[in-house]
Amino acid sequence: MAEPTLTISDRIQQELDRLTRAERQLAHSILENYPASGLGPLTALAKDANVSTPTVARMVQKLGFKGYPEFQNELREELKAKAKNPIAKHDTWTEGAPSGHVLNRFTDAVIDNIRHTLGQIEPETFDRACALIADTAHPLYIVGGRITHTMAEYLFLHAQIIRPRVTHIQSTSNAWPHYLLDVGEGDVFVIFDVRRYENNTLKLAEMAHARGAKIILFTDQWRSPVHSLADICFSSRIVAPSAWDSAAATLLLVESVISAMQDINWADTKDRAERLEEMFDQTRLFRKFT
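Numbers 1 to 290, taken from UniProt numbering, label the letters of the sequence shown in order.
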């Protein structure tokens, strides 16, 4: 049996690149409603994922289990462990609301997302990504999509203060090919792409990759197609009790990157921030209370 310290979700993530097309389809189906999706009969899981029952059996074995019953037993053990975990208990985060209130349900989901996301990140990989993003020897391009452009812009506004030569590209704009004219070997692209993965973003990544750019991808647990081109990929858990996905885990990573960039370039960042504050004073952009 596979290592007990890894959840079934973790094992699926580790195996994704080695799965067949049908097995990846099954993996995405399991993760979308994890862990409840694996607690029913094998035939029901196959039907929900629109794959054959042999596909389910093969993937279960690839995950390190002798068969589907052992796979289900491990899922049940995960549920028991989760029930014992103080983070996952039905304590109220907002004292004035019952445990079933949306504030507490959403908070539970976000904390679980953050725990799973950070559990899959190697500190050395994170440090390497921050070093690339902070490296002023190469221009930095930041790319977001229809929804993720908000996180891209958040990173961009901070990166502008921390270092020079930063460009914000919106892949939804028809003008984005213009930005690629000056892209060269070793330039760095930070790309945000979560489901429903955008065609423009993939094409932009392909063209940047062909020009020798390095790509750092922020995506979800199912991973954007861009991940096959990325030098570094951060997969955040995004599922929440909402019709929309949660960006909290991704935003935590982005703010951590900003903090690391600031530390790496502190001398220059301090100087740039001071000059920016002088310009703010000249434009009277902010109110003064002294």
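Just so you know, even glycine gets a beta-carbon here, dropped at the ideal spot from N, CA and C.
Within 8 angstroms, strictly: CB atoms of residue i and residue j
{"i": "residue 50", "j": "residue 249", "result": "no"}
{"i": "residue 195", "j": "residue 16", "result": "no"}
{"i": "residue 19", "j": "residue 59", "result": "yes"}
{"i": "residue 218", "j": "residue 192", "result": "yes"}
{"i": "residue 110", "j": "residue 240", "result": "yes"}
{"i": "residue 187", "j": "residue 227", "result": "no"}
{"i": "residue 322", "j": "residue 142", "result": "No statement about residue 322 is possible, as the shown extent of the chain runs from 1 to 290 and does not include it."}
{"i": "residue 211", "j": "residue 172", "result": "no"}
{"i": "residue 75", "j": "residue 35", "result": "yes"}
{"i": "residue 176", "j": "residue 204", "result": "yes"}
{"i": "residue 63", "j": "residue 151", "result": "no"}
{"i": "residue 170", "j": "residue 10", "result": "no"}
{"i": "residue 65", "j": "residue 38", "result": "no"}
{"i": "residue 253", "j": "residue 235", "result": "no"}
{"i": "residue 136", "j": "residue 115", "result": "no"}
Backbone CA spacing between residue i and residue j [nearest angstrom]
{"i": "residue 379", "j": "residue 201", "result": "Past the boundaries of the shown model lies residue 379; the chain is included only from 1 to 290, so the question cannot be answered."}
{"i": "residue 181", "j": "residue 162", "result": "24 angstroms"}
{"i": "residue 30", "j": "residue 220", "result": "15 angstroms"}
{"i": "residue 78", "j": "residue 55", "result": "23 angstroms"}
{"i": "residue 265", "j": "residue 27", "result": "41 angstroms"}
{"i": "residue 52", "j": "residue 46", "result": "6 angstroms"}
{"i": "residue 279", "j": "residue 271", "result": "13 angstroms"}
{"i": "residue 216", "j": "residue 281", "result": "36 angstroms"}
{"i": "residue 21", "j": "residue 206", "result": "21 angstroms"}
{"i": "residue 232", "j": "residue 268", "result": "26 angstroms"}
{"i": "residue 8", "j": "residue 255", "result": "28 angstroms"}
{"i": "residue 273", "j": "residue 183", "result": "27 angstroms"}
{"i": "residue 243", "j": "residue 80", "result": "27 angstroms"}
DSSP state of residue i mapped onto helix, strand, coil
{"i": "residue 168", "result": "strand"}
{"i": "residue 144", "result": "strand"}
{"i": "residue 220", "result": "strand"}
{"i": "residue 126", "result": "helix"}
{"i": "residue 188", "result": "strand"}
{"i": "residue 86", "result": "Legend: pLDDT at residue 86 = 45, less than 50; position of this residue unreliable, value from coordinates given subsequently. Residue 86 falls in the helix class under three-state DSSP."}
{"i": "residue 62", "result": "helix"}
{"i": "residue 288", "result": "coil"}
{"i": "residue 114", "result": "helix"}
{"i": "residue 121", "result": "coil"}
Classification of residue i by the beta-carbon crowding that lies within 10 angstroms, buried from 16 upward
{"i": "residue 14", "result": "exposed"}
{"i": "residue 185", "result": "exposed"}
{"i": "residue 24", "result": "buried"}
{"i": "residue 214", "result": "buried"}
{"i": "residue 285", "result": "exposed"}
{"i": "residue 276", "result": "exposed"}
{"i": "residue 294", "result": "Lying outside 1 to 290, the shown extent of the chain, residue 294 is not represented and no answer is given."}
{"i": "residue 148", "result": "buried"}
{"i": "residue 247", "result": "buried"}
Below-8 angstroms beta-carbon distance, residue i vs any chain B residue
{"i": "residue 109", "result": "The structure shown has no chain B; it contains just one protein chain."}
Distance cut-off 7 angstroms: residue i Cβ against heavy atoms of the ligand MN
{"i": "residue 32", "result": "Absence of the ligand MN is noted for the structure shown, with no ligands found whatsoever."}
In chain order, each beta strand (DSSP E) run of at least 3 residues that lies wholly inside the segment 1 to 51: Entirely contained in the segment 1 to 51, not one beta strand (DSSP E) run reaches 3 residues.
Every unbroken beta strand (DSSP E) inside the segment 225 to 265 [3 residues or more]: The qualifying runs are 232 to 236.
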